[in-house]
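Colleague: Protein chains in written order, with this note's numbering: chain A, 1 to 342; chain B, 343 to 684; chain C, 685 to 1026; chain D, 1027 to 1129; chain E, 1130 to 1232; chain F, 1233 to 1335. Don't be surprised by glycine CBs; every beta carbon is placed ideally from N, CA and C. The structure presented is a predicted model; accordingly, all values stated were derived computationally and were not measured.
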Ligand SMILES: Nc1ncnc2c1ncn2[C@@H]1O[C@H](COP(=O)(O)O)[C@@H](O)[C@H]1O
Ligand SMILES: Nc1ncnc2c1ncn2[C@@H]1O[C@H](COP(=O)(O)O)[C@@H](O)[C@H]1O
Ligand SMILES: Nc1ncnc2c1ncn2[C@@H]1O[C@H](COP(=O)(O)O)[C@@H](O)[C@H]1O
Ligand code: NA
Ligand code: NA
Ligand code: NA
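1. Expressed to the nearest angstrom, what Euclidean distance is found between the alpha-carbon atoms of residue 1206 of chain E and residue 226 of chain A?
2. Who are the Cβ neighbours of residue 251 of chain A in its own chain at under 7 Å, not counting the five residues just before and after it?
3. Using a C-beta to C-beta distance shorter than 7 Å, which residues of chain F count as neighbours of residue 1124 of chain D?
4. Pick helix, strand or coil for residue 398 of chain B, following the three-state DSSP scheme.
5. Closer than 7 Å: is that where the CB of residue 1090 of chain D sits relative to any heavy atom of ligand 3?
6. Do you know offhand how far residue 110 of chain A's Cα is from residue 122 of chain A's?
7. If you draw a straight line from the C-alpha of residue 1046 of chain D to the C-alpha of residue 1034 of chain D, how long is it?
8. When you compare only the Cα positions, how much space is there between residue 822 of chain C and residue 58 of chain A?
9. Using a Cβ-Cβ cutoff of less than 6 Å, which residues in the same chain neighbour residue 1195 of chain E once the five nearest sequence positions on both sides are dropped?
10. Compute the Euclidean distance between the alpha carbons of residue 68 of chain A and residue 197 of chain A, then round it to the nearest angstrom.
11. Hey, residue 1059 of chain D and residue 1089 of chain D are a contact pair by Cβ (cut 8 Å); roughly how many whole angstroms apart?
12. Select from A:321, A:53, A:77 and A:29 the residue whose C-alpha is nearest the C-alpha of residue 209 of chain A.
13. Quick one: give me the first and last residue of the alpha helix (DSSP H) that residue 1268 of chain F is part of.
14. With DSSP run on the structure shown, which of helix, strand or coil describes residue 1194 of chain E?
15. Is the Cβ of residue 565 of chain B closer than 8 Å to any Cβ of chain C?
16. So is residue 189 of chain A buried or exposed if we call it buried at 16+ other beta carbons inside 10 Å?
17. With burial defined as no fewer than 16 other Cβ atoms inside 10 Å of the residue's Cβ, what is the status of residue 616 of chain B: buried or exposed?
18. Is any heavy atom in ligand 6 found nearer than 7 Å to the beta carbon of residue 470 of chain B?
19. Hey, quick one: how far does the alpha helix (DSSP H) through residue 116 of chain A stretch, first residue to last?
20. Is residue 189 of chain A close to ligand 4? I mean its beta-carbon at under 7 Å from any heavy atom of the ligand.
21. What did DSSP end up calling residue 1318 of chain F once you bin it into helix, strand or coil?
22. For residue 1220 of chain E, name the three-state secondary structure that DSSP assigns.
23. Counting only C-beta atoms, is residue 1058 of chain D closer than 8 Å to chain F at any point?
24. Is the stretch 931-947 of chain C close to the stretch 773-793 of chain C, with three or more CB pairs under 8 Å?
25. Using a threshold of 8 Å, state whether the C-beta atoms of residue 534 of chain B and residue 641 of chain B are closer than that.
26. Flag residue 877 of chain C as yes if its beta-carbon sits less than 8 Å from any beta-carbon of chain A, otherwise no.
27. Going along chain E, which residues have a C-beta under 8 Å from residue 1067 of chain D?
28. For residue 785 of chain C, verify whether its CB is less than 7 Å away from any heavy atom of ligand 6.
29. Quick one: using the 10 Å Cβ neighbour count with 16 as the cut-off for buried, is residue 383 of chain B buried or exposed?
30. Touching or not, the stretch 78-95 of chain A and the stretch 217-233 of chain A, by the rule of three or more beta carbon pairs under 8 Å?
31. Could you tell me whether any non-hydrogen atom of ligand 5 is closer than 7 Å to the CB of residue 631 of chain B?
32. Look at the alpha carbon of residue 1320 of chain F and the alpha carbon of residue 1171 of chain E, and state the distance between them as a whole number of angstroms.
33. Please state the DSSP three-state secondary structure of residue 1137 of chain E.
34. Given a threshold of 16 other Cβ atoms within 10 Å of its Cβ, counted over all protein chains shown, does residue 391 of chain B qualify as buried or as exposed?
35. Just to confirm my understanding: we take residue 536 of chain B, look at its own chain, exclude 5 residues before and 5 after, and list those with CB closer than 7 Å. What are they?
36. So, with DSSP's three-state summary, where would you put residue 1014 of chain C?
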């Protein structure tokens, strides 16, 4: 099994066009057998056997700061050498999807799921926004299989993070007078550490450019994958604790947590063909759009919509969609992107 | 003095055969003057001058997770390219020693030390199991003096960790009805973070193989020695606080903490000649077998044998045997291995 | 803008001789646009927008341990190959400045500022001692603009840290009977973690030399700039919270916090010409002497002079002098050094 | 009970989600508390998960206040947060040295 | 004391080795506690070292419970852990808002 | 209240700057305390900044002691630290199981 990753780089390009062949399964295996995903699995297992393994909160926190700043910086450095004409299309598509996907998600939850307004809006905020870790895993998978996405992708993460949360909260607030505070929530999301680090990193990266980035590059580049591995170890532990709530959330939400990402991902790839994105870029954007936020959105929703049930949105984002995306979803988006754009 | 490390690599091979020459002392000095050991000494000194220097608990914890996962991963990667025939002998020897050494230790404590059953079993559990940090320092010393041990050694750490604890607890439980819980203790040791990380790392390393390990290699390899240095700084601080209990544990336990490791180490090297281990491999295995656990064993013993006195087993493992091994023991085992197997 | 750092290395040497030209402004911009300084600015901004961004205390603490140990080690390694004759001059100058600058600062505060004795002595202790982070930023700026200072500079940090605190406390204690404890304070500063790590690192580095340092070099060298960046992010957050006290400290202390560093820096550079220091070495020493301690000094002063107001010395050191030095001060000292010694 | 003035005050303890911390502290001072002490905590109560799991652990707020202020705090917290958030509030007696500072 | 119902309950505090945490918390719920709050602590008592030094610091468990449950907890902890482990238990009065939830 | 001996003691709580921790703990034992429990805390009081901001957060010291020892501790802390340091001290009642150990 260990030889699978070996020639994946070559085969990935060649064979993804022929779905369901042995080789496509190997590409999938290449994802499932990457150290980063296996660390996630180890975290899940550790939690299931009730191990005392647990990253200290301070370390976990520190790793998230490191990862967010690193992707911001690298994105900014790339942005500094990207012509606006190349970036404009993808940026506008991302903004569009950030405005549309929460509306889709809300309506699916209300109409098909017969869920109440507040919980529908709360969940929609999560599925419209983006999970930075899913994004990183998607980038990693591309690099691993020899398909480098555009360097400016992190800038798209920053663009995608906020609008969906605003849209979803607006839907909720338009309908009733709310208990929560709209301004507090907006402040929470705009000044939240993920936005500050991503946007701050982008600005710093753009200002210093490739030359200026050099002295700090070893820290932010060569350590990145390993830090991500430790982070996913803890994510596995946390996600496993969410799995215990699966019964509570019901079948509809489980299906929602798998099918809506596929829907959002497919839509993204289809629209990506009009923006000049590469295959890998489209696949990564699809992974982003299909992912559900579990840092920025929960904080904002908890403040603005306190009566929404956190079990629903956290279990969906973290217990269902995140594991689905990092194991099966991302290879699927690459496959679809190859198929539609390739 | 600083030039000592300089040509050690060459001399080590040449001169260790002639004991007590100036050059052998230089090899010893090369160990004592390595950054890692000096960091340990700095920790001891900091504690003695009552400095406020102290690694934050979260960082210390995080470093231990990093170190354990790193040796697991590297061991797994090596294991993925080791033929079973090469690995079987050392593995079986390790298992055998894991079963025998706690029995030796128990009997020495009971018969020569006239210690009660519970405390004898408690200490035996520690001296039968293994200290991962001693293992790492032994590997480092080999590399530093140009003698690379087998890559699969970390797998032996995983094999050595658990059995001795089980054997020692069985001895204690066979004799009386106990206050502590046997099942809780077994769960504690099997699901304890050191076993989960070592075994998990081994599995991940085996699955991903050398190619798959590449992206995370910078994080786990080039940072390793430095992280170990920080870890030993804190170990020094903790060990020094143990030194204060030396009076309490009595002369017998001090002698035990030095002589039993030498006994276990010598036995290991003598048996290693029947397994095809290299000189460095035998020396590292000797360091492992001679070392006393201070993470997995204390936790299990505290639960299973609560009436055993922690001062005895912690001071022995941490205040006596660990400092002895990392300073004098490891060079001694290399010297003996060279002598017997070289 | 991002191209500024590009050819700075070349221009820096050539143009600093012609002040106030466009090119000198570019050198300044090169400092202001370095990732490390921008991270500081990001921290300030995050604090001003009331972001929840904050390095966990454990991580911040861990980073400070890492940075101090790293500069100690690197300094020690260099010291091991520096002839005493080269080191003696700069060392004696540093000691002299450590004894003189607190006396200057005290008298300025007493006579010009009409401040009471206790607060004057407290502030003098801070401005006589040294800020390790300012030192690191000064080194980084030199390297970035192609001017490598002497490798033994960290040894000078260790020499500069303690004497000023002792002198300032002596001034305070000579005049009245004090509430605080002189011995406790001396112990606090000598056994404080910054002295232990710096001096310990220097000793370890000297003992192991360049060869012995190699295995830990990746950890302590290639990660250094990035770790510094994270550290300055948090420094920015803390400094911004100090800025809120600016009104309280009054105009005199603000002027003091900018002009006294310039005075101390200029004096240093002028004296440096008699010691054989290079331009970069003189500039870095000037940055050190001009900087105000905010780790060792506050701890000692809080114990020895509890009736001194921490708002004064912390706001001065951290809210005024530190930001001034890392942005404008350091380029100024390099410029002055080039002018006087070049 | 000692040479120093000891004033009987109320110790109000609030354990709640981290996300409410800032708002609660501001309110506490508004209602007349002169200070507070914070500790990190985790816990289990009647509710299941909360967003604060991602915001770090719970927060435990302790404030020594007069009887009247204690009452105001209790009423405010109950009105504003009981319905939707994980929160527990209790009041104890405490003899505070130099207690007039905190009234 | 306030517009909201305030119930007099017992605050049971246990400070002990980290290694006992899981077992103690399970027992607490079994004995009738409806919740608890945990804080990290360190400390010094009559015993010397303990394994928990390696397991991280001590743990401080606080539970608001009825008088009866408090008694049961005290008895259980004393019986099961006093002999061999570092543990301290004490009980205080507390007026708990919306206290009926915790009975 | 239980099958086990329960002794009424005083719980003395001190919240203060980290930098005083060592000195305070030594004094506590000198004055007759048999142990203490420490927790990390932060807080806000009448003073502004303190050096301990750099020494890490505040420290919260809790000691179960007899009435007499409590009085001594209160007096000592008030005399030695109130003037210049950020410190708050209060005393509560607590029923301590196996409490004779701590007298
Ligand atoms: N009976 C209890 N005793 C002590 N703390 C409690 C109790 N019940 C709840 N808590 C704390 O209050 C928080 C919120 O409780 P709840 O609102 O019931 O979910 C929990 O996370 C605990 O930290
Ligand atoms: N007198 C005391 N006051 C407060 N806490 C104490 C006291 N004695 C012991 N403790 C706490 O209880 C733990 C166990 O105490 P012991 O069983 O006496 O070793 C200690 O680590 C302290 O955290
Ligand atoms: N009213 C209060 N209630 C609870 N804790 C307080 C109160 N006032 C002050 N404190 C705590 O005591 C510390 C020192 O207070 P002070 O000496 O007033 O600055 C603060 O940092 C808080 O942790
Ligand atoms: Na999304
Ligand atoms: Na052993
Ligand atoms: Na200075």
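Modeller: Reading off the structure:
1. 43 Å
2. none
3. 1310 and 1314
4. coil
5. yes
6. 12 Å
7. 29 Å
8. 30 Å
9. 1232
10. 6 Å
11. 5 Å
12. A:77
13. Not the alpha helix (DSSP H): residue 1268 of chain F falls in the beta strand (DSSP E), residues 1268-1276.
14. strand
15. yes
16. buried
17. exposed
18. no
19. Counting along the chain, residue 116 of chain A falls outside any alpha helix (DSSP H), and DSSP gives it neither H nor E.
20. no
21. coil
22. strand
23. no
24. yes
25. yes
26. no
27. 1166, 1167 and 1168
28. yes
29. buried
30. no
31. yes
32. 20 Å
33. strand
34. exposed
35. 410, 474, 503, 637 and 638
36. helix
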